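Presented below is the structure to which this report refers.
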Amino acid sequence: MRDTPTIHRPAGKFRDALIHLSVDTSGIRACVQCGRCTSACTAGFLASETPRQVVRHLQWNELEAAVGSSFLYQCKQCIGCTVQCPQGVDVAGVVQALMKARFLTLETK
Amino acid sequence: MKKPTSRIGIFVWDPDASLRNSIDLDSLLNRCRSLKNVVCCEQAEALPGSDVPEMPVRDVGDERPDRIIWVGHIDESRYQQIRQTLSRSGVNPYLQILCDLKAQGVCSPSLDPNVRARKAATLLKMAVARARLLEPLEPLSLPGIDTALVIGAGVAGLHASLSLLNMGFGVHLIERDSGVGGKTALLERFYPKICDPRCGLDFVCRQLIRSERLSLHTLTTIAKLEGAPGAFTATVFQQPRFVDSARCDGCGICQDVCPIRISGHSRYFQDEAPFPTSTGLSALAKDACKAIHPAMPMRIPTAFVIERDCCPENCDACRTACPNGAIEFEQEPREKTLDAGAVLVTTGWDPYPLSRLTEFGYGIHTRVIGNLEMEKLLKTSTVNDFKHVAFIQCAGSRDNRHLPYCSSVCCSATLKQIRYLKEQSPETTCTVFYQDIRTPGFEEDLYREVRSLEKVTFVRGLPSGVRAQPSDGSLNLTAEDTFSGKPIRIEADLLVLAGGMAPSTQSTELARTLNLPSNQYGFFEAHHQCFPEESQRSGIYVGGCARDPMSVAQSIESSHLAAMKAVRFLREFVQVEPTYPVVDKGKCDQCKRCVEECPFSSFVFDEKQFPEPVLTRCRQCGNCMGVCPLGAISLRNRTVRQYAAAIEVLETSFMNAREEPLILAFLCENDAARAAEEANINGIPVPPNVIHMSVPCAGAVNNALIADALSLGIDGVLIGGCKDGQCHYVRGNQLVRKRSGDLQDKLKTMMIEPVRVRFESLEIRDSHKYAEVLKTFVQDLKAIGPNPFKI
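If you're matching them up, the sequences are chains A and B in order. For the first sequence, my numbering begins at 20 and goes up steadily by one. For the second sequence, my numbering begins at 337 and goes up steadily by one.
Next comes the structure, spelled out in structure tokens:
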């Protein structure tokens, strides 16, 4: 029987640095949390978190929570959120970057 | 004829002996006595005022001074009192100057006594040099016209007119529609009292039409505005009414016989898309009316108006029916000229075109309406048929793709509509989707009240679209409740979009006709905090929503303010301070830079194409004086020559060592100069190396003066002005920085380092920053060494 690979993520500063490299969080400061991205999202309520909450994590600088958000597994990159955002935040771009960061910080043993 | 020589009197006011304690005052006065043109140099025992009406002069005989330098620290208000008292006893107020040694830092205890004495002597020399060149000036009176031109007869225009008429002035009231009232007359209710706005409007209109000095021009737009404040001439263009106003008595017989029904004043809904009428909403919104109809929105004036474009060919039903023979199909558009002393712009707003919000399907789905249409719907009984009404706030406002600003009234308007709706049909469910509810001040009461109503839910989260059921047209909305992160799904019968306020289309036209600058959104503003009613053109004042989005109450308030300010140009004589700029036509080479840079567009050309300021337009900021490459323009009491003369006598050697740099600071008298005075008087350690001169605006500093100062051996020049966007003269601080580009080339040819000229933004209480700025400037100057021109 094959061993199930244990997934473990690098922690601490190294991981944060990796995320910082891939996610540009400057744009999300404009977000007023109106929730239009969620209502525009084709996967809006499929996951336990909504795209708005992902952005909120980033506003609080909770990178762990953002990268680990269940929403990232549901996003189909339809860019409805970016199109609908009244403040011009590229939500889809941020989510995509988070997906990349998640991928970068995955490590198989 | 021999030019009379100036006789300068120097008076020292030193009640607390602070000057005497810090410098050898007697020897200073002795030195001053020997200066050319100085006839007396004394210490004043008392200041002129109510007790001492005369100049404190002893034993000067025939040599009575005709110009006075006050030395010492005198408060601004006290100084003005002295000026006025002395002007009554024959000394022109513009021949008196104040040389405040304390504010220049002479009394600073840390200063070397020798430096102190030399600095004081230099400052006095500079004052004397300037005083020699002062000229007596008398205030000017120019004729004004006691009639104002008010553009736009909405709630703001009507109130402004009433206010002016009550003060005894005449008013030309221009309105592009057939009747007065504007947008407010279209509302069903207005907050906070939830009463009918027609009541208040009617009250004002009744008073207005009683006045003989009001001339109302309906169906009129302004085509051209010429002249200056106090003497404007407007060319207006009046569309034909096809009804003789003098004969029509408004009986309405014509309306009964008219065969044509039209959709009414569609202009208020801006959207060209025809409103769907399939769902019993046909009674809604667009007033169905006949081709001949009463004046709209309010029936003032009484005369009816014919929409001639809609008339069928050869129909004269109304003409034959009219008992007074008032119908005149032959009327032509007319051009009129109106004279006015001041212009009030109250052109209001237009609703933002909701069809641009494609996601909400306005104009496509039959049950999606705007908030203005909701006002109309509230009037009808149809409103009771709806069981669930949804409201979407910020539809078009606070959105980078539409209107980036908050339209400020939509929240309260929606709350008002809900309250009124619930009064009529308490069973209706209301859901409000919002991102923030903005109810400043007492409007919060309305919010609290509506929140407490049954079946009213506020959802913090905006839907991003709407889906209509093909069967019955009901609407499905989904949004995120951002507090819980849970989806909210509702089915509504009616969706009301709280659309935003855009500047009126007439404002856009006016901006061109009146050459009136507007802000990035198209509203007219000059200095929003300090002078909200002013536009960037003197004599043109702005009230109501033409200025910024505001409620009815604020519109009324702002229009009264605008009317109040306009009074200055409506009197028999317009008073002008004699300190206006004068162009030396012998020097001027007609480069027209002054014309371009004047923030208030004050310059016109005389018959020989020389620029000439229009005195009533000018706000005397001196930016023309600063920009003129030939130094040909000077404010009358602060000429380039006076500044140059003062700089010329500035002794660069007053500091002990040659290595100690000397800085000349030109400071804006509105803020930077105050900060500097404050710093020195309050004992904040300001480097002694600086001598400051106040200018009316940082933009008034001419490059020639800076070059002069540097070529005379002054090590550094500091220009202190306002922060960006805070300048009372719009952008004087930016102009001076723009010009510094040209100056740098000039300095390079003079072999002077461009870093010797520095611009700093200083606010009125930035005394500590002023000291810091100077400290670093002194260090930097020490590092690059003394000015090569220094002796």
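A virtual CB, placed ideally from N, CA and C, is assigned to each residue, including glycine. The structure presented is a predicted model; accordingly, all values stated were derived computationally and were not measured.
*Chain-order list of residues whose beta-carbon lies under 8 Å from that of Pro1209 (chain B) (same chain, five-residue window excluded)*: With chain B covering 337 to 1127 only, the question about residue 1209 (chain B) has no answer from this structure.
*What does Glu827 (chain B) reach in chain A if we use C-beta pairs closer than 7 Å?*
The contacting residues do not exist; Glu827 (chain B) stays about 15 Å from chain A at best.
*Please classify Gly1068 (chain B): does DSSP put it in a helix, a strand, or coil?*
helix
*Kindly give me the distance between the Cβ atoms of Asp781 (chain B) and Pro528 (chain B), rounded to whole angstroms, as I take these residues to be in contact under 8 Å.*
7 Å
_Between Pro449 (chain B) and chain E, is the shortest Cβ-Cβ distance under 8 Å, so that the two count as touching?_
The structure shown has no chain E; the protein chains it does contain are A and B.
*From what residue to what residue does the beta strand (DSSP E) around Ala902 (chain B) run?*
Per DSSP, Ala902 (chain B) lies in no beta strand (DSSP E) segment; the continuous alpha helix (DSSP H) that holds it begins and ends at Val888 to Ala902.
*asked:* Tell me the rounded alpha-carbon separation between Ala1011 (chain B) and Ile1055 (chain B).
replied: 13 Å
*List, in order along the chain, the chain A residues whose C-beta lies closer than 7 Å to that of Gln771 (chain B)?*
Val51 and Cys53
*Just to confirm, are Asn1025 (chain B) and Glu995 (chain B) a CB contact at a threshold of 8 Å?*
no
*Quick one: is Ser342 (chain B) buried, meaning 16 or more other Cβ sit within 10 Å of its Cβ, or exposed?*
buried
*Reducing DSSP to helix, strand and coil, say where Ser970 (chain B) ends up.*
strand
_Amino acids of chain B, ordered along the chain, whose beta-carbon sits closer than 7 Å to that of Thr107 (chain A)_ = One point to set straight first is that residue 107 (chain A) is Gly, not Thr, in the sequence displayed. Proximity of chain B to Gly107 (chain A) at the Cβ level (cut-off 7 Å) is accounted for by Asn736, in chain order.
*With DSSP collapsed to three states, give me the class of Gly563 (chain B).*
Of the three classes helix, strand and coil, the one that applies to Gly563 (chain B) here is strand, per DSSP.
*Rounded to a whole number of angstroms, what is the C-alpha to C-alpha distance between Leu1000 (chain B) and Gly517 (chain B)?*
58 Å
_Suppose the cutoff is 7 Å on Cβ atoms and the five residues either side in sequence are ignored; what does the same chain contact list for Gly107 (chain A) look like?_
Ala49
*asked:* Closest to Thr775 (chain B) by C-alpha separation, out of B:Ser744, B:Asn992 and B:Asn650, would be which residue?
replied: Out of B:Ser744, B:Asn992 and B:Asn650, B:Ser744 has the C-alpha closest to the C-alpha of Thr775 (chain B).
*Quick one, which residues of the region 77–95 of chain A are near chain B if we go by CB-CB under 7 Å, in chain order?*
none
*From the beta carbon of Pro610 (chain B), is the nearest beta carbon of chain A less than 8 Å away?*
Reliability of the predicted coordinates at Pro610 (chain B) is poor, the pLDDT of 40 falling under 50, and the value obtained from them is presented with this limitation in mind. In terms of beta-carbon proximity, Pro610 (chain B) stays away from the interface with chain A, with every pair separated by 8 Å or more.
*Would you say Ile754 (chain B) and Val792 (chain B) are within 8 Å of each other, going by their C-beta atoms?*
yes
_Suppose you measure from the CA of Leu371 (chain B) to the CA of Lys455 (chain B); what does that come to, to the nearest Å?_
Spanning the two alpha carbons is a distance of roughly 16 Å.
_With H, G and I counted as helix, E and B as strand and the rest as coil, what does DSSP make of Pro429 (chain B)?_
If DSSP states are grouped into helix, strand and coil, Pro429 (chain B) belongs with the helices.
_Could you compute how far the alpha carbon of Arg534 (chain B) sits from the alpha carbon of Cys1063 (chain B)?_
CA-to-CA, the gap between Arg534 (chain B) and Cys1063 (chain B) works out to about 41 Å.
*Taking Cβ-Cβ distances below 8 Å as the criterion, which residues of the region 780–806 of chain B are in contact with chain A?*
Arg796, Gly797, Leu798, Pro799, Ser800 and Gly801
*Counting pairs of Cβ atoms below 8 Å between the region 813–830 of chain B and the region 51–71 of chain A, do you hit three or more?*
yes
*Would you say the region 714–721 of chain B touches the region 893–912 of chain B, given that touching needs at least three Cβ pairs under 8 Å?*
no
_Tyr877 (chain B) and Ala862 (chain B) closer than 8 Å at C-beta_ = no
*Near-chain A residues of the region 809–840 of chain B - C-beta to any C-beta below 7 Å*: Thr814, Ala815, Glu816, Thr818, Gly821 and Pro823
*Length of the line joining the Cα atoms of Glu511 (chain B) and Cys954 (chain B)*: 29 Å
*For Arg71 (chain A), go through chain B and note every residue whose CB falls closer than 7 Å to its CB, in chain order.*
Glu816 and Thr818
*If you draw a straight line from the alpha carbon of Pro340 (chain B) to that of Val572 (chain B), how long is it in whole angstroms?*
Near 53 Å, if we compare the C-alpha coordinates of Val572 (chain B) and Pro340 (chain B).
*So, are the CB atoms of Leu680 (chain B) and Ile487 (chain B) less than 8 Å apart?*
Taking 8 Å as the cut-off, the beta carbon of Leu680 (chain B) is found closer than this to the beta carbon of Ile487 (chain B).
*Could you tell me the distance, in whole angstroms, from the CA atom of Leu500 (chain B) to the CA atom of Leu509 (chain B)?*
11 Å
_Of the residues B:Ala749, B:Leu1110, B:Ala726 and B:Lys1126, the one placed nearest Thr764 (chain B), counting alpha carbons only_ = For Thr764 (chain B), the nearest C-alpha among the options comes from B:Ala726.
_The beta strand (DSSP E) that contains Thr765 (chain B), what's its start and end?_
Thr765 to Tyr770
*Mind listing, in chain order, the continuous alpha helix (DSSP H) runs of no fewer than 4 residues lying wholly within the region 920–980 of chain B?*
929–933 and 959–963
*asked:* 8 Å is my cut-off, CB to CB: does Thr101 (chain A) come that close to chain B?
replied: no
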